[in-house]
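Undergrad: If you read the sequence shown in the numbering used here, its first letter stands for residue 323, the second for the next number, and so on.
Idealized CB from N, CA, C, for every residue including glycine.
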Amino acid sequence: MQKNWWKESVVYQIYPRSFFDSNGDGIGDIRGIIKKLDYLKYLGVNVIWLSPVYESPNDDNGYDISNYHKIMDEFGTMDDLVELINEIHARGMKLIMDLVVNHTSDEHEWFQQARKSKDNPYRDYYIWRPGKDGKEPNNWRSNFGGSAWEYDPDTDEYYLHLFSKKQPDLNWENPKLREEIYKMMRWWLDKGIDGFRMDVINFISKVPGLPDGKIKPGETYASGSKFYRNGPRIHEYLQEMHEQVLSKYDVMTVGEMPGVDVEEAKKYTNPERKELNMVFTFEHMSLDSGPYGKWDLKPLMLTDLKENLTKWQKGLNGIGWNSLYWNNHDQPRIVSRFGDDGKYRVESAKMLATCLHMLQGTPYIYQGEEIGMTNIRFDSIEDYRDIETLNLYREKVIVGNEEPEQVMESIYAKSRDNARTPLQWSDNPQAGFTTGEPWIKVNPNYKEINAKQSVEDPNSIYHYYRKLIQLRKQYPIIVYGDYQLLLPEHEQIFAYLRIYQDQKLLVITNFSEDNIPFELPVDVEFSANDLLISNYEMNDNNFNKFILRPYEARVYLV
Ligand code: TEU
Ligand code: CA
């Protein structure tokens with residue numbers, strides 16, 4: 323297999339608003355990130371992915387960009403950003419930036435022009451359609467609720483927005499628009515950044531005619547996702563982007579792709595096709611949802627998770643490349659989701675980290691994951707900030723008259739704000755995140771769960787992540803080895819082998835709070851000396867048969 327630096331890297335995602343506030347206005351900022359770079363260097367990560375810091379009215383916390391060439395005032399200046407790039411590079415790390423080009427903000431100059439008149443030169447940068455029988459041009463639902471179309475009275479047409487109405491979709495059919503995007507990408511790469519995380523990049527090509535979707539019983543709008551995910555020209559666009567931009571630099575790219583499956587992912591990530599290095603799949607993040615989507619809660623079956631991750635491990639092996647993640651700014655905290663955020667918080671956070679970091683692919687750590695931060699339960703909807711959560715509450719409770727308690731249960735489990743409470747730096751007021759009033763409340767558990775504690779305690783989750791990262795740097799088998807699932811039917815144990823040259827790596831994890839007997843189903847001889855890492859003290863010497871303790875994880879190399 324081809325060796326690449328981005329295959330051997332571990333990425334740390336920063337959501338700047340919630341990372342560290344350097345000036346007491348309650349909002350994390352670029353100077354705050356610079357102050358904490360040594361914390362990240364010590365953790366051992368090689369790449370930082372920075373969520374959007376561009377100028378934005380913040381309808382969707384920066385994922386609605388009004389100027390790609392400017393930095394949001396709240397976050398600092400372009401000089402700060404250049405300093406950040408330099409400080410990251412000075413520590414031997416790299417920086418990838420978020421590229422949000424499925425849509426812009428409605429306050430972007432292009433859209434301001436486009437909405438002026440039907441013959442404005444920028445009109446065709448966006449997707450406009452006349453109404454149908456006095457209604458929207460089609461029945462698609464926006465990913466944030468309601469119709470995906472907004473009527474513009476001045477020009478008597480609707481524009482498409484797959485997210486909020488302040489995020490109009492760009493028209494990638496227009497070659498001039500594409501050229502502008504590529505130019506902007508080169509401008510950033512010339513500033514010295516090391517790549518891009520591409521926001522919903524598999525949404526940029528829509529099926530011509532924008533056909534109606536099927537409406538589910540009891541719903542007003544349909545999912546149009548069939549007609550805009552992995553659309554007809556997507557591979558052509560990405561290959562063009564590769565030729566025009568990416569091929570000219572030594573960069574790393576990861577495409578965020580809701581609805582991507584293994585077969586499509588092979589196309590996106592096969593280096594021969596010259597598209598992207600890797601994608602973010604959503605499949606393993608939807609196994610605890612029912613047929614009505616993310617808010618429709620369903621307990622996770624471990625066998626589903628194993629089957630899914632195994633399909634990806636095997637499917638991309640030797641063809642494309644995986645990214646590995648449990649968390650990001652859109653997902654609930656993994657220790658609250660697939661682990662135990664009470665009694666076994668530390669054990670289960672380490673177990674989950676082990677399970678993920680020993681797989682083939684590039685691991686991503688989301689800020690706070692390395693100290694085992696947990697979900698938040700705000701008593702009042704007033705304390706939530708996320709547009710998706712607030713829209714849901716309005717749609718279900720205020721308009722739909724559903725029971726608030728039930729809707730709040732979904733919000734507690736799945737709201738994106740679970741990931742967005744400020745990073746807990748210390749047990750000082752406001753978790754040491756700010757000296758002011760934070761833009762979103764801190765999780766009250768910061769007195770126990772914080773970075774200061776985790777850095778000082780050698781048995782902490784932070785030090786465990788450090789060790790996992792070290793191991794990955796040390797042993798190529800962790801990066802490049804083949805994968806083989808063990809005990810596929812087991813509902814508590816996730817165990818697998820990695821195989822590389824004459825080595826075998828054995829990973830055993832217990833996803834339950836029970837003591838579970840384990841018996842090795844394959845013929846591998848290993849002993850106490852082969853242990854690479856574990857989240858418990860080892861006190862037995864019986865190696866092919868033993869009892870796994872609650873959320874225990876062990877990794878052996880033979
Ligand atoms: O997210 C894309 C996306 O479809 C989901 O992550 C979505 O936000 C959520 O799961 C809906 O339930 C990307 C960004 O990561 C997200 O923060 C943005 O809001 C979104 O695109 C629009 O730019
Ligand atoms: Ca600030």
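Return the first residue and the last residue of the alpha helix (DSSP H) that Phe433 is part of.
TA: Residues Glu431 to Ala436.
Undergrad: Counting only beta-carbon atoms, is Ile349 nearer than 8 angstroms to chain D?
TA: As a matter of chain content, chain D is missing from the structure shown, which is built from one protein chain.
Undergrad: Taking 7 angstroms as the cut-off, is the beta-carbon of Ser344 closer than that to any non-hydrogen atom of ligand 2?
TA: Ser344: yes, Cβ under 7 angstroms from ligand 2.
Undergrad: Which class does Leu365 belong to by DSSP, given the choice of helix, strand or coil?
TA: Of the three classes helix, strand and coil, the one that applies to Leu365 here is helix, per DSSP.
Undergrad: Out of Arg699, Tyr559, Asp739 and Met730, state which residue places its alpha-carbon closest to the alpha-carbon of Asp708.
TA: Among Arg699, Tyr559, Asp739 and Met730, the Cα nearest to that of Asp708 is on Asp739.
Undergrad: Can you give me the C-alpha to C-alpha distance between Thr625 and Gln806, rounded to a whole angstrom?
TA: Approximately 15 angstroms, taken between the alpha carbons.
Undergrad: Give the secondary structure of Asp569 by DSSP, where H, G and I count as helix, E and B as strand, and everything else as coil.
TA: Contrary to the premise, residue 569 reads as Ser rather than Asp in this sequence. Here Ser569 sits in helix by DSSP.
Undergrad: Thinking C-alpha only, which one of Lys498, Tyr802, Ser608 and Ser486 is nearest Pro621?
TA: Answer by Cα proximity: Ser608.
Undergrad: Could you pull the start and end residues of the beta strand (DSSP E) that Thr831 belongs to?
TA: Gln825 to Asn832 is the extent of the beta strand (DSSP E) around Thr831.
Undergrad: Counting Cβ pairs closer than 8 angstroms, one from the stretch 746-759 and one from the stretch 663-682, do we hit at least three?
TA: With a cut-off of 8 angstroms, the stretch 663-682 and the stretch 746-759 do not count as touching, because too few Cβ pairs lie within range.
Undergrad: Let me know the secondary structure DSSP gives Phe397 once reduced to three states.
TA: Of the three classes helix, strand and coil, the one that applies to Phe397 here is helix, per DSSP.
Undergrad: Can Val369 be considered in contact with ligand 1, in the sense that its beta carbon sits closer than 7 angstroms to one or more heavy atoms?
TA: For ligand 1, not one heavy atom lies less than 7 angstroms from the Cβ of Val369.
Undergrad: If you draw a straight line from the C-alpha of Pro593 to the C-alpha of Ile641, how long is it?
TA: Spanning the two alpha carbons is a distance of roughly 8 angstroms.
Undergrad: Among Asp804, Ile830, Gln823 and Tyr822, which one has its Cα closest to the Cα of Phe893?
TA: What the structure shows of the chain is the stretch from 323 to 880, and residue 893 is not part of that stretch, so it cannot be assessed.
Undergrad: For a test of your reading of the model: does the CB of Glu759 fall under 7 angstroms from any non-hydrogen atom of ligand 1? Yes or no.
TA: Checking the Cβ of Glu759 against ligand 1 gives no.
Undergrad: For ligand 2, is there a heavy atom less than 7 angstroms away from the beta-carbon of Ile349?
TA: Under cutoff, so the answer is yes.
Undergrad: Taking 7 angstroms as the cut-off, is the C-beta of Asn552 nearer than that to any heavy atom in ligand 1?
TA: False, no ligand heavy atom lies under 7 angstroms from that Cβ.
Undergrad: Taking Ser331 as the reference, give the member of Val367, Phe341 and Met419 with the closest Cα.
TA: Ser331 has its Cα closest to that of Val367, out of Val367, Phe341 and Met419.
Undergrad: Taking only three categories from DSSP, how would you classify Asn408?
TA: Three-state DSSP puts Asn408 in a helix.
Undergrad: Find out if the Cβ-Cβ distance for the pair Leu532, Asn460 is shorter than 8 angstroms.
TA: Yes; because the gap between Cβ atoms is below 8 angstroms, this pair is in contact.
Undergrad: Taking Val576 as part of the beta strand (DSSP E), name the residues at either end of that continuous run.
TA: Note, Val576: beta strand (DSSP E), Met574 to Glu578.
Undergrad: Give every residue of the same chain whose Cβ lies closer than 7 angstroms to the Cβ of Ser849, excluding the five residues on either side of it in the sequence, and list them in chain order.
TA: Around Ser849: Phe865.
Undergrad: Note the first and the last residue of the continuous beta strand (DSSP E) segment covering Gly517.
TA: Segment Gly517 to Met520, the beta strand (DSSP E) holding Gly517.
Undergrad: Where does Pro839 land, buried or exposed, given buried means 16+ other C-beta within 10 angstroms?
TA: So Pro839 ends up on the exposed side.
Undergrad: Return the first residue and the last residue of the alpha helix (DSSP H) that Val584 is part of.
TA: Where Val584 is concerned, the enclosing alpha helix (DSSP H) stretches over Val584 to Thr591.
Undergrad: Span of the beta strand (DSSP E) holding Lys616?
TA: Here the beta strand (DSSP E) through Lys616 covers Gly615 to Leu619.
Undergrad: Less than 7 angstroms separating the Cβ of His430 from some heavy atom of ligand 1?
TA: For ligand 1, not one heavy atom lies less than 7 angstroms from the Cβ of His430.
Undergrad: Specify the secondary structure class of Met695 as computed by DSSP and reduced to three states.
TA: If DSSP states are grouped into helix, strand and coil, Met695 belongs with coil.
Undergrad: Among the residues of its own chain, which have a CB less than 8 angstroms from the CB of Lys867, if the five just before and after it don't count?
TA: Here the set comprises Pro839, Phe840, Glu841 and Leu842.
Undergrad: Where do the N-terminal and C-terminal ends of the alpha helix (DSSP H) with Leu678 fall, by residue?
TA: Start and end: Arg667 to His679.
Undergrad: For Lys616, count neighbouring C-beta atoms within 10 Å of its own C-beta (all shown protein chains included) and say buried if the count is 16 or more, exposed if not.
TA: Lys616 comes out buried.
Undergrad: Starting from Ala817, trace the beta strand (DSSP E) both ways and give me its first and last residue.
TA: Run containing Ala817: Ile815 to Tyr822, per the beta strand (DSSP E) assignment.
Undergrad: Say whether the stretch 677-692 touches the stretch 711-731, bearing in mind that this needs 3 or more beta-carbon pairs closer than 8 angstroms, one atom from each stretch.
TA: With a cut-off of 8 angstroms, the stretch 711-731 and the stretch 677-692 do not count as touching, because too few Cβ pairs lie within range.
Undergrad: When the Cβ atoms of the stretch 393-403 are set against those of the stretch 344-351, are three or more pairs found closer than 8 angstroms?
TA: A contact exists between the stretch 393-403 and the stretch 344-351.
Undergrad: Measuring alpha carbon to alpha carbon, tell me which residue in Glu377, Arg437, Leu362 and Lys392 is nearest Leu417.
TA: Checking every option, the nearest Cα to that of Leu417 belongs to Leu362.
Undergrad: Quick one, which of Ser776, Phe833 and Lys329 has its alpha-carbon nearest Asn956's?
TA: Here the chain covers residues 323 to 880 and nothing more, so residue 956 does not appear.
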